[in-house]
Structure formats: structure tokens, C-alpha cells
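Undergrad: Residues in the sequence shown are numbered from 12 upward in steps of one, following our numbering.
Using N, Cα and C, we set each Cβ at its ideal position, and we do this for glycine too.
As the structure is a prediction and not an experimental result, all values here were calculated from the model.
First the structure, which I've put down as C-alpha cells, then a few questions once you've had a look.
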Amino acid sequence: MNLFDVYPLNDIEIVKASGSTVWDEKGQEYLDLYGGHAVISIGHTHPHYVKRLTEQLAKVGFYSNSVKIPLQVQLSEKLGQVSGKTDYQLFLCNSGAEANENALKLASFYNGRKKIVAFKGAFHGRTSLAVSATDNPKIIAPVNETTNIDFLPFNDEEALKEYFNQNGQDVAAVIIEGIQGVGGIQEASKSFLQLIRSLCDQYNAVYIADSVQCGYGRTGLFYSHDYAGVQADIYTMAKGMGNGFPVAGISIAPKFKPWHGMLGTTFGGNHLACAAALSVLEIMEQDNLMENAAEIGEYLIQELRKIEGVKEVRGRGLMIGIDLPAELSQVKKNLLFQHHIFTGEAKPNVIRLLPALNLSKAQADQFLDKFKIAIKG
Ligand SMILES: Cc1ncc(COP(=O)(O)O)c(C=O)c1O
Numbered sequence: 012m013n014l015f016d017v018y019p020l021n022d023i024e025i026v027k028a029s030g031s032t033v034w035d036e037k038g039q040e041y042l043d044l045y046g047g048h049a050v051i052s053i054g055h056t057h058p059h060y061v062k063r064l065t066e067q068l069a070k071v072g073f074y075s076n077s078v079k080i081p082l083q084v085q086l087s088e089k090l091g092q093v094s095g096k097t098d099y100q101l102f103l104c105n106s107g108a109e110a111n112e113n114a115l116k117l118a119s120f121y122n123g124r125k126k127i128v129a130f131k132g133a134f135h136g137r138t139s140l141a142v143s144a145t146d147n148p149k150i151i152a153p154v155n156e157t158t159n160i161d162f163l164p165f166n167d168e169e170a171l172k173e174y175f176n177q178n179g180q181d182v183a184a185v186i187i188e189g190i191q192g193v194g195g196i197q198e199a200s201k202s203f204l205q206l207i208r209s210l211c212d213q214y215n216a217v218y219i220a221d222s223v224q225c226g227y228g229r230t231g232l233f234y235s236h237d238y239a240g241v242q243a244d245i246y247t248m249a250k251g252m253g254n255g256f257p258v259a260g261i262s263i264a265p266k267f268k269p270w271h272g273m274l275g276t277t278f279g280g281n282h283l284a285c286a287a288a289l290s291v292l293e294i295m296e297q298d299n300l301m302e303n304a305a306e307i308g309e310y311l312i313q314e315l316r317k318i319e320g321v322k323e324v325r326g327r328g329l330m331i332g333i334d335l336p337a338e339l340s341q342v343k344k345n346l347l348f349q350h351h352i353f354t355g356e357a358k359p360n361v362i363r364l365l366p367a368l369n370l371s372k373a374q375a376d377q378f379l380d381k382f383k384i385a386i387k388g
């Protein structure tokens, strides 16, 4: 049996990892500024994480949502406290797409409507509704085509007002990333998020903050939407939540009332997933990782902006996009194969930095030194 070949692969096998360092099978060391796509939040193989998961595995790894799982209650309390949304409710699932899928369903259950507003450049996942709300026709299968989703231009306040003027009574939800990741590190403006909040209030539509990539402390705030000083109705989260263990969730405002059977999942919120998520929050709090993300991120952004040849540097905290001109399309590959630094990318030519939130200043400097060489070719 062969693997279903959907991923273009780098010819590298990672066999060991610690903090922001990984090693391949030949013993070559790499600096990891990609974090396996924004997933590694507290660093690879963090001792507290390994201990908590190992101890939990030895006790009980999984039981279904048909019994009480006190770890879920501990997680919801801790998440409420660290995110500052103590009165919200937590539903646990397994991936970012599933989180968005559930958020969109919940919105539609809530107000009984069908129209979803999404934005140009958005990525919300690959399952049914999530992929329909993703601005990439190539990955939308015919069965996922729907007239229920409308894509509006990102950060265009007039277009949004006009749309609500015409269709406001039909809108179930507006879904938006605080910072578009796949879209190339494009930040939603404060006033745009504030306008979404006020239009959703006016028309009883649901504001869904897709925080799968930009959330969980990455920008120095727990949710990047916090920057606008508004509260979303539902926050979706995944990637950094389990530091590599598949766990995701939605944080749901008090106005949503659950009923038995409304949402569900077999694996969501299992014992191991909760142990992973709890250990991430414990480390984030104990080691002040949000502060570190803000500080090191700001340093990187300022230093990158000084480098000649860079078109634009965008982002916040440790979610950074380095926009390069077309002639520098080889920089990402050179960083990996010549300088042994993992980074992410976005089309057409943006290098995405999504490192662990405890990246040190020395590691940031190491990257900057190598990047300056790589950009010279
Ligand atoms: C903003 C955003 N939403 C949703 C998803 C989907 O997450 P998953 O791949 O865990 O389903 C992603 C994944 O990259 C993402 O960046």
C-alpha cells in the first residue's frame, strides 16, 4: 500500500527535537521557526509536557464523552482564566477545521439562518463548511459548493456595511481570522473587527474569531482579536493548543445555550488531549510565554524591517510574514538547505515565521544573521 501522495515533501526526516531545535537522521541540527505550522507553542519535547502526557497515558489515555472527565473541567477553567473569558463555555474537538465547522453550525442553530460571511484570502480548513468558507476554489469539491457563503474583501468597511444593509437579516455568522495565515500574514484592522462586532450586534449575527493559527498567545495576546478591544461570540482554536497533540476547541459566549446532542465527537476532549492542553497552558503561564512572544516578535519585526531587499514585514508577536520580491523566491529553500532553518511560506513569496512562543533572543539573532546572508543569494 502506498501513501496517498498529497503533500510536497522536503527530503528531511526529523528524528529528535528539543525546544526550537530539531535534528535529522544524519544528525544535522536545524533551528525551527516554523513549529510544524504554528503547532509547537511551548517548544518540542518540553519536560513538563512529556511528564504530564506520560503520567496520564499510564493512568488512562482515553474514554469517551459518555463519562465524567474532570480534566475537561480543569482545562475549561484554566483556559477561561488564561484567555480572560471566564464566563465562556468550552467545546472540545480535534482539529482546526472541526472547530470552525462546529462554530458555524452553532451560529446557524442559534439564529436559524444560513448565510455566512467570509473574506477574500481566508483559510478555515478542509472539511465541509470550513472549506466552503475558504477562499481557494481549487480545494473546494463540487459537493462543497454552496450559495450560503459570500466572500467580501478583507478590511473593506464600506463593502461590509453595504452587504449587511442588503442581507443583514439572513446572516448567520461572520467568520474571520484576526491575522490571515495562509493568506500571507494580513492583519484585520481594529476598526474592521469593531465594525464586525457592531453589525453582528445590530443584526443578531454571530461573530466567529478563527484563532486556529493566530490565537493561543502567538501574537502576545491570547486571541489576536483582543487587540481590537472587542469580544467575539465564538473563538475557534487548535494548532498551539496541544503542542503537537491533536486537540482543538471552541470558546462559546454565555448567550449560546447547549442541548444534549447539539454537538459531539468521539475523540474530542479525551484524557490525553486534556493533559496535553493543560500542560501547554501551565507552561504558558509559568514562563510568561505571551510576554515573550510579544517582546521577541516585536524585536524580529523591527530588525527585519531594516533589511534591504525585503518588500514588507507584516504581523504581530511571533506570527510574522516577510514579503519578498519575486526574484528572491529561493530564500526559503536556501534557509532550509544551506542554513538549516525551518520557516513557513505563503503565496506568492512570503516567508512565514511561526516559532515556539519561548523562542529566545539568541535564536532570533541567529535567524537574523542567517537571513541577511540568505537574502544576498
Ligand atoms: C486560520 C486557520 N483555520 C483553520 C485551519 C484548519 O486547521 P486544521 O488543519 O487543524 O484542520 C487552519 C490550518 O492551517 C488555519 O490556519
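Look at the alpha carbon of residue 371 and the alpha carbon of residue 352, and state the distance between them as a whole number of angstroms.
TA: Taking the first residue of the sequence shown as position 1, residue 371 is located at position 360. Taking the first residue of the sequence shown as position 1, residue 352 is located at position 341. Rounded to whole angstroms, residue 371 to residue 352 spans 15 Å at the Cα level.
Undergrad: So is residue 323 buried or exposed if we call it buried at 16+ other beta carbons inside 10 Å?
TA: The residue you call residue 323 lines up with position 312 of the sequence shown. Exposed is the call here.
Undergrad: Pull up the CB-CB distance for residue 64 and residue 259, whole angstroms please, since I reckon it's below 8 Å.
TA: Residue numbering aside, residue 64 sits at position 53 when the sequence shown is read from its first letter. Residue numbering aside, residue 259 sits at position 248 when the sequence shown is read from its first letter. Wrong, their Cβ atoms sit about 17 Å apart, outside the cutoff.
Undergrad: Provide the residue span of the beta strand (DSSP E) that contains residue 163, from first to last.
TA: For the purposes of this step, residue 163 is identified with residue 152 of the sequence shown, where counting begins at 1. Per DSSP, residue 163 belongs to the beta strand (DSSP E) from 160-163.
Undergrad: Three or more C-beta pairs closer than 8 Å, one from the region 21-31 and one from the region 352-371: is that the case here?
TA: yes
Undergrad: Under the criterion of a Cβ to heavy atom distance below 7 Å, does residue 146 qualify as lining ligand 1?
TA: Stepping through the sequence shown from its first residue, residue 146 is reached at position 135. Answer for residue 146: no, Cβ out of range of ligand 1.
Undergrad: Express the C-alpha separation of residue 105 and residue 290 in angstroms, rounding to a whole number.
TA: Within the sequence shown, residue 290 is the residue found at index 279, counting from 1. Within the sequence shown, residue 105 is the residue found at index 94, counting from 1. Distance between the alpha carbons of residue 290 and residue 105 is about 17 Å.
Undergrad: Is it true that the region 71-84 meets the region 210-225, where meeting means three or more beta-carbon pairs spaced less than 8 Å apart?
TA: no
Undergrad: Check the DSSP bridge columns for residue 27 and list the partner residues they point to.
TA: On the sequence shown, residue 27 is found 16 positions in, with the first residue counted as 1. Paired residues: 34.
Undergrad: Quick check: does the Cβ of residue 338 come within less than 7 Å of any heavy atom belonging to ligand 1?
TA: Locating residue 338 in the sequence shown gives position 327, where the first residue counts as 1. It does not: the Cβ of residue 338 is nowhere closer than 7 Å to a heavy atom of ligand 1.
Undergrad: Measure the alpha-carbon distance for residue 295 versus residue 301 and round it to whole angstroms.
TA: Residue 295 sits at position 284 when you count from the first residue of the sequence shown. Residue 301 sits at position 290 when you count from the first residue of the sequence shown. Distance between the alpha carbons of residue 295 and residue 301 is about 7 Å.
Undergrad: Within the same chain, show all residues whose beta-carbon is closer than 6 Å to that of residue 162, passing over the 5 residues directly before and after it, in chain order.
TA: Position 151 of the sequence shown, counted from the start, is the residue given in the question as residue 162. For residue 162, where only same-chain residues beyond five positions count, the Cβ hits under 6 Å are 129, 131 and 146.
Undergrad: Let me know the secondary structure DSSP gives residue 9 once reduced to three states.
TA: With the chain covering only 12 through 388, there is no way to say anything about residue 9.
Undergrad: Does residue 267 come out as helix, strand or coil in the three-state DSSP assignment?
TA: One-based indexing of the sequence shown puts residue 267 at position 256. Coil, per DSSP.
Undergrad: Let me check you understand the geometry: is the CB of residue 107 closer than 7 Å to at least one non-hydrogen atom of ligand 1?
TA: As a first step, residue 107 must be located in the sequence shown, where it is residue number 96. Yes, the Cβ of residue 107 comes within 7 Å of a heavy atom of ligand 1.
Undergrad: Answer with buried or exposed for residue 18, where buried requires no fewer than 16 other C-beta atoms within 10 angstroms of its C-beta.
TA: Position 7 of the sequence shown, counted from the start, is the residue given in the question as residue 18. With fewer than 16 Cβ atoms within 10 Å of its Cβ, residue 18 is classed as exposed.
Undergrad: Quick check: does the Cβ of residue 142 come within less than 7 Å of any heavy atom belonging to ligand 1?
TA: If you number the sequence shown from 1, residue 142 lands on position 131. Flag unset: Cβ of residue 142 not near ligand 1.
Undergrad: Look at the alpha carbon of residue 252 and the alpha carbon of residue 113, and state the distance between them as a whole number of angstroms.
TA: The residue you call residue 252 lines up with position 241 of the sequence shown. The residue you call residue 113 lines up with position 102 of the sequence shown. Rounded to whole angstroms, residue 252 to residue 113 spans 17 Å at the Cα level.
Undergrad: Run through the DSSP bridge pairs and tell me what residue 104 is partnered with.
TA: Your numbering for residue 104 matches position 93 in the sequence shown. Residue 104 pairs with 259.
Undergrad: Under 8 Å between the Cβ atoms of residue 165 and residue 197?
TA: Residue mapping note: residue 165 aligns to position 154 of the sequence shown, counting from 1. Residue mapping note: residue 197 aligns to position 186 of the sequence shown, counting from 1. Yes; because the gap between Cβ atoms is below 8 Å, this pair is in contact.
Undergrad: Find the nearest neighbour of residue 174 within the set 262, 308 and 126, judged by alpha-carbon distance.
TA: Mapped onto the sequence shown, residue 174 falls at position 163. Scanning 262, 308 and 126 for the CA closest to the CA of residue 174 turns up 126.
Undergrad: So is residue 340 buried or exposed if we call it buried at 16+ other beta carbons inside 10 Å?
TA: Numbered from its first residue, the sequence shown carries residue 340 at position 329. So residue 340 counts as exposed.
Undergrad: Could you tell me if residue 215 is buried or exposed, where buried requires 16 or more neighbouring beta carbons within 10 angstroms of its beta carbon?
TA: Start at 1 with the first residue of the sequence shown, and residue 215 comes out as number 204. By the 10 Å Cβ count, residue 215 comes out exposed.
Undergrad: Tell me the DSSP secondary structure of residue 252 in three-state form.
TA: Within the sequence shown, the letter at position 241 stands for residue 252. Note: residue 252 maps to helix in three-state DSSP.
Undergrad: Once the 5 residues before and after residue 35 are set aside, which same chain residues still bring their CB inside 8 Å of it?
TA: For the purposes of this step, residue 35 is identified with residue 24 of the sequence shown, where counting begins at 1. Correct list, in chain order: 23, 24, 25, 26 and 41.
Undergrad: Return the first residue and the last residue of the alpha helix (DSSP H) that residue 244 is part of.
TA: The count along the sequence shown starts at 1 and reaches residue 244 at position 233. Neither: residue 244 is in no alpha helix (DSSP H) and is coded neither H nor E.
Undergrad: Under the rule that 16 or more other beta-carbon atoms within 10 Å means buried, what is residue 247, buried or exposed?
TA: Locating residue 247 in the sequence shown gives position 236, counting from the first residue. Result: buried.
Undergrad: In its own chain, which residues sit with a C-beta less than 6 Å from the C-beta of residue 143, not counting the 5 before and 5 after it?
TA: For the purposes of this step, residue 143 is identified with residue 132 of the sequence shown, where counting begins at 1. Result list for residue 143: 155, 157 and 160, in chain order.
Undergrad: So, under 8 Å CB-CB, residue 6 and residue 304 are touching, yes? Tell me the CB distance rounded to an integer number of Å.
TA: Residue 6 is absent from the model: the chain starts at 12 and stops at 388.
Undergrad: Taking only the alpha-carbon atoms, compute the straight-line gap between residue 232 and residue 14 and give it to the nearest angstrom.
TA: For the purposes of this step, residue 232 is identified with residue 221 of the sequence shown, where counting begins at 1. For the purposes of this step, residue 14 is identified with residue 3 of the sequence shown, where counting begins at 1. Answer to the nearest angstrom: the Cα atoms are 39 Å apart.
Undergrad: If I follow the unbroken beta strand (DSSP E) through residue 275, where does it start and stop?
TA: Here the question's residue 275 lines up with position 264 in the sequence shown. Per DSSP, residue 275 lies in no beta strand (DSSP E) segment and is marked neither H nor E.
Undergrad: Cutting at 6 Å between CB atoms, please list the residues of its own chain near residue 326, excluding the five before and the five after it.
TA: Within the sequence shown, numbered from 1, the residue matching residue 326 stands at position 315. Only 196 and 332 meet the Cβ criterion.
Undergrad: Quick check: the Cα distance between residue 376 and residue 314, rounded to an integer number of angstroms?
TA: Against the sequence shown, residue 376 aligns to sequence position 365. Against the sequence shown, residue 314 aligns to sequence position 303. Straight-line Cα distance between these residues: approximately 9 Å.
Undergrad: Relative to the C-alpha of residue 58, which residue among 318, 48, 254 and 379 is closest?
TA: As a first step, residue 58 is located in the sequence shown; it is residue number 47 there, counting from the start. The residue with the shortest Cα to Cα distance from residue 58 is 254.
Undergrad: Got a sec, what are the start and stop residues for the beta strand (DSSP E) residue 344 sits in?
TA: Here residue 344 corresponds to residue number 333 of the sequence shown, with the count starting at 1. No beta strand (DSSP E) holds residue 344; the alpha helix (DSSP H) holding it covers 342-348.
Undergrad: Quick check for students: name the residue ranges of the alpha helix (DSSP H) that lie wholly in the region 109-180, counting only runs of 4 or more.
TA: 139-143 and 168-178
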